[in-house]
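Asker: One point on numbering: in UniProt numbering, the residue at position 586 of the sequence shown is 586, and numbering is uninterrupted.
Below you'll find the structure I mean.
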Amino acid sequence: DGYRNTNQVSDDYRYQDGNYDAPNDGYYRGGDEPAQEEDAQSDVTEGHDEDDEVYEGEYQGIPHPDDIKEKQKKRAPAMDDEYRDRADLMAERMEDEEQLAHQYENIIEECGHGRFQWTLFFVLGLALMADGVEVFVVGFVLPSAEKDMCLSSSNKGMLGLIVYLGMMVGAVLLGGLADKLGRRQCLIISLAINAAFAFLSSFVQGYGFFLFCRLISGLGIGGTLPIVFAYFSEFLSREKRGEHLSWLCMFWMIGGIYASAMAWSIIPHYGWGFSMGTKYHFHSWRVFVLVCALPCIASLVALKFMPESPRFLLEIGKHDEAWMILKQVHDTNMRAKGEPERVFTVSYIKTPKQVDEFIEIQSSTGTWYQRWLVRITTTLKQVWDNVLYCLTAQYRMNTLMLAVVWFTMALSYYGLIVWFPDMIRYFQDEAYESRVKIFDEEEVSHFTFNFTLENQIHRNGEYRNDKFIGMKFKEVRFEDSLFEDCYFEDVRSSETFFENCTIISTVFYNTDLYEHKFINCRLINSTFMKEKEGCHIDFEEDNDFLIYLVSFLGSLSVLPGNIISALLMDKIGRIKMIGGSMLISAVCCFFLFFGNSESAMIGWQCLFCGASIAAWNALDVITVELYPTDKRATAFGILNGLCKFGAILGNSIFSSFVGITKVVPILLASSALVGGGLLALRLPETREQVLM
């Protein structure tokens with residue numbers, strides 16, 4: 001028997017190319033050490049630790065047969081894992097996750113709800129506030145930016161949509177990365193991208209570079225929403241989750257109020273800027289863009305002092321780090337409650353079985369960019385696998401129903417939010433046109449015009465030896481008129497045209513009356529000298545205070561809805577909150593048929609925003625609760641990206657009907673809300689379940 005056992009031991013070693021190759025089982029083997037000098041050899045065993053680790057210098061010899069059997073038993077579980085089917089490992093992991101979910105809920109309840117959660121609440125609230133600000137920034141700066149950068153109508157439309165496009169991509173990409181790299185780390189990356197490119201966009205002069213900066217800025221801020229809600233929910237107990245996630249939503253409203261107030265107080269002050277030569281101008285709207293980056297920067301700095309989500313750390317097997325953070329949460333809350341003697345009783349937390357294959361390349365392998373390329377492609381593949389996992393049989397129906405609800409809500413809400421200001425401008429234009437003054441067959445000679453002409457139509461007039469010096473034309477049209485021996489100097493104009501006019505021996509010096517403003521005109525012996533270059537801002541004309549007021553009131557009107565949804569979220573449930581809010585919002589849409597004035601439109605906008613905010617809050621909560629920890633931010637990112645796609649469609653469709661008909665936008669919005677609200681009632685209620 002001893003001979004056979006000795007052969008068994010020797011079979012564990014293979015002789016290859018003149019060298020003994022020991023099996024790669026993680027145990028120390030003395031046979032593969034190089035020959036030592038006689039005085040360096042030792043037959044003395046220096047001892048073992050608790051795990052039977054062999055210390056350096058211990059003499060091994062041929063292992064005893066009983067030792068071999070013991071080692072084979074220890075290696076059996078690892079060998080089983082290697083050859084077990086992946087489905088079995090996933091089933092075991094899901095069982096571990098279920099145990100962890102209930103244990104983690106008990107741990108969070110032991111930690112309590114106190115100073116730590118409220119600190120994190122305000123830090124993440126600033127990040128959510130930055131997301132709200134980003135939605136309003138471009139809309140507020142467009143009137144000034146279009147003059148500053150000579151934007152055409154198509155360029156203005158692209159600038160309005162590019163932010164949503166960036167947010168759509170950022171939500172999916174950064175939300176997916178948050179499930180692989182961590183909530184805190186990805187949120188810092190997201191806010192850093194937004195802050196850097198928002199800051200840069202305020203200084204660039206060209207339209208193309210400004211558009212690029214706002215795109216990347218939107219990409220950065222797009223990741224905040226899915227990460228913030230996933231991050232905060234993992235520090236909340238089941239009883240507190242719905243209410244406090246709803247309170248967190250108030251910061252989006254605060255972001256809108258902040259943007260409106262800053263636009264109102266900064267943009268009209270055109271003196272708040274500087275110029276460098278004739279090419280570089282830093283006007284007040286650029287100061288406004290800088291100020292709007294402050295919430296993002298504040299949140300970015302504060303996040304440096306906050307820990308990673310312990311639930312995420314447990315998910316990736318980092319037990320000790322998660323335990324230390326949970327102890328920090330417990331001790332912080334207990335000290336704030338005046339009970340510093342309370343001891344954190346948790347000693348061990350269940351960690352799910354790790355089944356992902358991580359690839360790590362040694363520094364000596366390949367070049368640095370090859371190593372980074374492998375890491376990036378591996379991470380992106382894992383993100384893509386998470387995206388596909390949200391469409392597996394277990395989650396497919398919930399994902400599809402949530403996708404429809406998110407999309408219909410975004411289509412109607414963002415479409416109407418753009419449609420309301422456009423309709424108010426339309427009513428203003430109609431009222432303005434109704435006050436137009438018409439002058440027929442007037443004859444003016446040897447007269448100097450040095451004042452503003454506004455909202456006038458001059459037909460069949462004759463102007464001889466007249467001077468137009470240092471004046472402004474605003475919404476003025478000359479039709480079938482004669483200008484002879486006239487002189488125009490330092491003239492500025494907006495929406496001013498000459499149609500079918502005859503202009504003889506007239507000089508235009510330092511004006512912005514360009515060729516396209518003369519429609520079917522005859523120019524005889526007329527001279528254009530030193531035309532004004534570029535676009536010129538007239539702040540008195542372009543800044544519409546009513547639009548700032550509308551946005552301010554629209555943001556403020558969601559306050560009652562936020563309070564009601566926070567107080568009732570855990571009482572009536574998420575599903576009833578979504579369905580009820582969307583159906584009430586659909587009813588509000590029908591009242592828009594009676595909005596035939598500016599004041600009526602403002603009132604119905606406030607009512608619609610106040611009614612719909614509860615559905616948004618409940619959607620955020622239920623999306624967090626329906627998915628497991630390792631897929632939570634990914635799923636939220638996918639649905640939020642779809643939401644931004646709905647916003648792009650809503651903006652494009654609704655704005656195209658302004659001044660044409662109100663029927664299509666109202667029916668489209670109300671139909672989408674009714675369909676989405678009824679479908680939401682079929683979603684599972686998550687009020688009583690723990691976070692998986």
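All residues carry an ideal CB built from backbone N, CA and C; glycine is no exception.
Along the chain, where does the beta strand (DSSP E) that runs through residue 524 open and close?
Answerer: 522-524
Asker: Apply the 10 Å Cβ neighbour rule to residue 228 and answer buried if 16 or more other Cβ atoms are within range, or exposed otherwise.
Answerer: buried
Asker: Assuming the contact rule is C-beta atoms closer than 8 Å, residue 251 and residue 125 should be a hit. Round their C-beta distance to whole Å, please.
Answerer: 4 Å
Asker: Touching or not, the region 590-609 and the region 548-560, by the rule of three or more beta carbon pairs under 8 Å?
Answerer: yes
Asker: For a test of the three-state rule: what should DSSP assign to residue 389, helix, strand or coil?
Answerer: helix
Asker: Of all the options 614, 616, 589, 342, which has the alpha carbon lying nearest to the alpha carbon of residue 604?
Answerer: 589
Asker: Which residue spans inside the region 434-506 form an unbroken beta strand (DSSP E) run of at least 3?
Answerer: 437-440, 443-445, 453-459, 462-464, 467-469, 472-479, 482-484, 487-489, 492-494, 497-499, 502-504
Asker: Does DSSP put residue 569 in a helix, a strand or coil?
Answerer: helix
Asker: Using a 10 Å radius around the Cβ and a threshold of 16 neighbouring Cβ atoms, would you call residue 495 buried or exposed?
Answerer: exposed
Asker: Got a sec, what are the start and stop residues for the beta strand (DSSP E) residue 527 sits in?
Answerer: Start and end: 527-529.
Asker: Give me the Cβ distance between residue 114 and residue 337, rounded to the nearest whole Å; I'm assuming they're in contact under 8 Å.
Answerer: 6 Å
Asker: Count the other CB atoms, across all protein chains shown, that sit within 10 Å of the CB of residue 340; report buried if there are 16 or more and exposed otherwise.
Answerer: exposed
Asker: For residue 286, name the three-state secondary structure that DSSP assigns.
Answerer: In this structure, residue 286 counts as helix in the three-state DSSP scheme.
Asker: Taking contact to mean 3 or more Cβ pairs, one atom from each stretch, closer than 8 Å, check whether the region 373-381 and the region 564-581 are in contact.
Answerer: Output reads no: the region 564-581 does not touch the region 373-381.
Asker: Should residue 488 be flagged as near chain E, meaning a C-beta pair shorter than 7 Å?
Answerer: The displayed structure is made up of one protein chain only, and chain E is not part of it.
Asker: Looking at the unbroken alpha helix (DSSP H) that takes in residue 687, where does it start and where does it end?
Answerer: Residue 687 -> no alpha helix (DSSP H), and no H or E assigned at all.
Asker: List, from N- to C-terminal side, the alpha helix (DSSP H) runs of 4 residues or more that fit wholly inside the region 143-209.
Answerer: The alpha helix (DSSP H) runs of length 4 or more contained entirely in the region 143-209 are, from start to end of the chain, 153-181, 183-201.
Asker: With distances taken between CB atoms, is the gap from residue 500 to residue 530 smaller than 7 Å?
Answerer: With contacts defined by Cβ atoms closer than 7 Å, residue 500 and residue 530 do not form a contacting pair.
Asker: Work out the CA separation of residue 201 and residue 684 for me, nearest whole Å.
Answerer: Straight-line Cα distance between these residues: approximately 44 Å.
Asker: Secondary structure at residue 229, three-state DSSP: helix, strand or coil?
Answerer: Residue state, collapsed to three classes: helix.
Asker: Return helix, strand or coil for residue 509, following the three-state DSSP convention.
Answerer: strand
Asker: Run the proximity test for residue 389: is its beta-carbon closer than 6 Å to any non-hydrogen atom belonging to the ligand FMN?
Answerer: Among the ligands in the structure shown, none appear at all, so the ligand FMN cannot be discussed.
Asker: Quick check on DSSP: helix, strand or coil for residue 660?
Answerer: coil
Asker: Does the Cβ-Cβ distance between residue 687 and residue 573 come in under 7 Å?
Answerer: In contact: residue 687 and residue 573 (Cβ atoms closer than 7 Å).
Asker: I want to know whether the region 440-457 touches the region 622-633 - three or more CB-CB distances under 8 Å.
Answerer: no
Asker: Tell me which residue opens and which closes the alpha helix (DSSP H) that residue 625 is part of.
Answerer: 598-626
Asker: Give a yes or no on contact between the region 671-682 and the region 418-433, applying the rule of three or more CB pairs nearer than 8 Å.
Answerer: no
Asker: Under a three-way DSSP split, which group does residue 267 fall into?
Answerer: If DSSP states are grouped into helix, strand and coil, residue 267 belongs with coil.
Asker: Identify the residues that DSSP records as bridge partners of residue 779: which are they?
Answerer: With the chain covering 1 to 692 only, the question about residue 779 has no answer from this structure.
Asker: Spatial neighbours of residue 450 within its chain, please: C-beta separation below 7 Å, excluding the five flanking residues on both sides.
Answerer: 469, 470, 471
Asker: Closest by CA to residue 465, which one among 305, 399, 448?
Answerer: 448
Asker: Assign residue 656 to buried or exposed, taking buried as 16 or more other Cβ atoms, counted over all protein chains shown, within 10 Å of its Cβ.
Answerer: Sixteen is the threshold: since fewer than 16 other Cβ atoms of the shown chains lie within 10 Å of the Cβ of residue 656, the residue is exposed.
Asker: Hey, would you say residue 693 sits closer than 7 Å to residue 348, going by beta carbons?
Answerer: This structure cannot settle anything about residue 693, because the visible part of the chain is limited to 1 through 692.
Asker: How about residue 383 and residue 176: are their beta carbons less than 7 Å apart?
Answerer: Yes, these two residues count as a Cβ contact at 7 Å.
Asker: What residues in its chain sit with their C-beta under 6 Å from that of residue 650, if we drop five residues either side in the sequence?
Answerer: 411, 414, 415
Asker: According to the Cβ coordinates, are residue 493 and residue 480 closer than 7 Å?
Answerer: no
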